[in-house]
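Engineer: Each residue of the sequence shown is one higher than the last, beginning at 2 in the numbering used here.
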Amino acid sequence: MIIFSSIYYKTRDTSSNYERELMDVTNQSFGTPSPDRTTIVINTPYHAVNIVNGNGSSIELRLIRDESSGIKIANDVVEHLDFKVENGILNISFKKGFSIEDFRDRIVIFAYSPGFDDLSVKNASNFNLIAVADSLNINLKSCKSFSVSNSAMETHIQTYNGDTTNHMKFNETIIKMLNVDLDDSKFLLSDMNMETLNIKAENHSFLELDCISQNKEKPIVKNLRIKTLGVNNVKINNFNTEKITADFSDETTLDIPGSILKGIVNNN
2 MIIFSSIYYK TRDTSSNYER ELMDVTNQSF GTPSPDRTTI VINTPYHAVN
52 IVNGNGSSIE LRLIRDESSG IKIANDVVEH LDFKVENGIL NISFKKGFSI
102 EDFRDRIVIF AYSPGFDDLS VKNASNFNLI AVADSLNINL KSCKSFSVSN
152 SAMETHIQTY NGDTTNHMKF NETIIKMLNV DLDDSKFLLS DMNMETLNIK
202 AENHSFLELD CISQNKEKPI VKNLRIKTLG VNNVKINNFN TEKITADFSD
252 ETTLDIPGSI LKGIVNNN
């Protein structure tokens, strides 16, 4: 059973304060009221999220570990989406004719559950993931751009009379093992360390591993495995790996440094 409750405040703020609000909601428990957002209580447990059809929208999904299960979403968007849990999977469907393409106006979905292990996304324009998980499987189909990064992470220290009272990290994504299947999709991983990254790409997909933040050490993936089928593009820049194995199709276009190529030759 899914229960809706709304809390109405002022209209949505599109300034920098809106970004701070997103950070605040991410670091609050599900039971904490959030301005301008509808709270959806989900009594059926779920461990996976499936965006059935994003209608070409720009979407940001924040997977938040919490004792309770539910969703928080902007009041002006909730009526355009359907939520249903089946076999432990939260299915999110965009109603016909509804789409928001501009990433600045992206649809931000806060999903709460004790744990997550699987994510599927179909037909999205720009998709951004913020999550903490030991292991996560991601399946992408017809996603123009999917990104996982720590580039937006901020550290805030609150002080009172010279004493530190609180220290928090916002927008932090930590995933130890990530398995990604790309089908006609683009995937960008930036500024993140990871134990294991397994990627399979097919049907004109694009994979990029990069460090885009200034004054930051190159991120490292200890174990990287890449497999491509058919025509695809793979680009690696400012990224380190301890061990890499790859199975590239003849049609795959590579843009990777010599050090990575040597690692592939040595390990294959």
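Glycine is no exception: its CB is placed at the ideal position from the N, C-alpha and C atoms.
All figures in this text were calculated on a predicted structure; none of them were measured in a lab.
(1) Checking the sheet assignment: what are the DSSP bridge partners for Tyr113?
(2) Let's test the definition: count the other Cβ atoms within 10 Å of the Cβ of Asn209 and tell me whether it reaches 16, buried, or not, exposed.
(3) Do Ser146 and Lys187 have their C-beta atoms within less than 8 Å of each other?
(4) In three-state terms, what does DSSP make of Ile200?
(5) Can you tell me where the alpha helix (DSSP H) holding Lys219 begins and where it ends?
(6) Evaluate the contact criterion for the segment 119-130 versus the segment 46-61: three or more CB pairs, one atom per stretch, below 8 Å.
(7) Counting only the same chain and skipping the five closest in sequence on each side, list residues whose C-beta sits under 6 Å from that of Asp182.
(8) Less than 6 Å between C-beta atoms, sequence neighbours within five positions excluded: which residues of the same chain meet that for Ala247?
(9) Helix, strand or coil for Asp106 per DSSP?
(10) Would you report the Cα separation of Ile213 and Ile101, rounded to the nearest angstrom?
(11) How many Å lie between Ile72 and Arg63 at the Cα?
(12) If we ignore side chains and look at the alpha-carbon of each, how far apart do Gly32 and Asn92 end up?
(13) DSSP three-state call for Ser146: helix, strand or coil?
Structural biologist: By the coordinates alone:
(1) Answer by DSSP bridge pairing, in chain order: Ile65 and Gly71.
(2) Residue identity differs from the one stated: residue 209 is Glu in this sequence, not Asn. The residue is buried, with at least 16 neighbouring Cβ atoms inside 10 Å.
(3) yes
(4) Reduced to three states, the DSSP call for Ile200 is strand.
(5) Element bounds for Lys219: n/a, residue is neither H nor E.
(6) The segment 46-61 and the segment 119-130 touch, with three or more beta-carbon pairs separated by less than 8 Å.
(7) Asn140 and Lys201
(8) Ile227 and Ile265
(9) helix
(10) 26 Å
(11) 10 Å
(12) 22 Å
(13) Under the three-state reduction of DSSP, Ser146 is assigned to strand.
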